[in-house]
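S.K.:
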Amino acid sequence: MFYIKMNENVSLKQLDPCEEETLFRLVDRNRSHLRNWLPWVDGTKSIEDTRSYLSFCENEYKRAELINAGIWYKDELVGCIGYNEVNQHNRFAKIGYWLSEDMQGKGMMKLACAEMVRYGFQEMGLNRIEIRVAISNKRSQAIPRGLGFVQEGMIRQTEWLYDHYVDHLVFGLLREEYEKNEQLVLK
Numbered sequence: 001m002f003y004i005k006m007n008e009n010v011s012l013k014q015l016d017p018c019e020e021e022t023l024f025r026l027v028d029r030n031r032s033h034l035r036n037w038l039p040w041v042d043g044t045k046s047i048e049d050t051r052s053y054l055s056f057c058e059n060e061y062k063r064a065e066l067i068n069a070g071i072w073y074k075d076e077l078v079g080c081i082g083y084n085e086v087n088q089h090n091r092f093a094k095i096g097y098w099l100s101e102d103m104q105g106k107g108m109m110k111l112a113c114a115e116m117v118r119y120g121f122q123e124m125g126l127n128r129i130e131i132r133v134a135i136s137n138k139r140s141q142a143i144p145r146g147l148g149f150v151q152e153g154m155i156r157q158t159e160w161l162y163d164h165y166v167d168h169l170v171f172g173l174l175r176e177e178y179e180k181n182e183q184l185v186l187k
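Just so you know, we're using full-length UniProt numbering here: the sequence shown kicks off at 1 and counts up by one.
#1: Roughly how many angstroms separate the alpha carbons of Y73 and R139, rounded to a whole number?
#2: Are the beta-carbon atoms belonging to L111 and N7 less than 9 angstroms from one another?
#3: When you compare the stretch 153-171 with the stretch 115-122, are there three or more beta-carbon pairs, one atom per stretch, that lie closer than 8 angstroms?
#4: Is it the case that the Cβ atoms of Q141 and L169 are separated by a distance below 9 angstroms?
#5: By the 10 Å Cβ neighbour count, where 16 or more other Cβ atoms means buried, how is S136 classified, buried or exposed?
#6: Are at least three pairs of beta-carbons, each pair with one atom in the stretch 87-106 and one in the stretch 40-48, less than 8 angstroms apart?
#7: Identify whether H164 lies in helix, strand or coil by the three-state DSSP scheme.
#8: Across the stretch 51-62 and the stretch 8-27, are there enough close Cβ pairs to call them in contact, namely three or more that are closer than 8 angstroms?
#9: Since E76 is in the beta strand (DSSP E), which residue starts that stretch and which ends it?
#10: Based on the DSSP output, what are the partners of R128 in its beta bridges?
#11: Output the distance between the C-alpha atoms of L12 and M109, rounded to the nearest integer angstrom.
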């Protein structure tokens, strides 16, 4: 089971299928906020939808294909972060994340991403970590920029978001860059 205690108040823990109601309620409370950036929100209509998703994540975690962790603040679920895609052959993974609207602006996501980067390079032996962010999501872009990721380009119309296509900026960090600037990532 994936678990990291980042400080006295914040931890990352793999979500268990028995936490379906907790996750569903968090998504439901933040539905209009999350819908601005995430294409799966409208498809999450019930606790059963969430249960199916968590079961899928549990199976993929066992196969080392992804990590889906809850971000817990003082034992309350406030968001999710994880490796949405892990390519073992190429030692490459993509981080995805979201945080409840009321918890934004506290530095929690930067801390969580920094820990996922550390875990990816030091524990998983990755060579490359990527974060893709909607071009209009300035707050989310600040995370990889603040962690020393390199903006590598833009992918045009890569995601269908309910009624329009969204362009993504691609940010990448290589193991050698991380090792040279580890203190930047861990701040």
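Here a beta-carbon is modelled for each residue, glycine too, at the ideal position from N, C-alpha and C. Bear in mind that the values here come from a model prediction, so they are computed numbers and not experimental data.
M.R.: Concretely, from the data shown:
#1: To locate residue 73, count along the sequence shown from 1; it is residue 73. To locate residue 139, count along the sequence shown from 1; it is residue 139. Those two C-alpha atoms are separated by around 20 angstroms.
#2: The residue you call residue 111 lines up with position 111 of the sequence shown. The residue you call residue 7 lines up with position 7 of the sequence shown. Result yes, Cβ atoms of L111 and N7 sit closer than 9 angstroms.
#3: no
#4: Working through the sequence shown from its first residue, we reach residue 141 at position 141. Working through the sequence shown from its first residue, we reach residue 169 at position 169. Contact flag set, yes.
#5: Within the sequence shown, numbered from 1, the residue matching residue 136 stands at position 136. Exposed is the call here.
#6: no
#7: Your numbering for residue 164 matches position 164 in the sequence shown. It is coil, neither helix nor strand.
#8: yes
#9: Position 76 of the sequence shown, counting from 1, holds the residue named residue 76. E76 -> beta strand (DSSP E) spans E76 to N87.
#10: Here the question's residue 128 lines up with position 128 in the sequence shown. Partner(s): F92 and L174.
#11: Sequence index remark: in the sequence shown, residue 12 carries index 12 (1-based). Sequence index remark: in the sequence shown, residue 109 carries index 109 (1-based). Using only the alpha carbons, I get a separation of about 11 angstroms.
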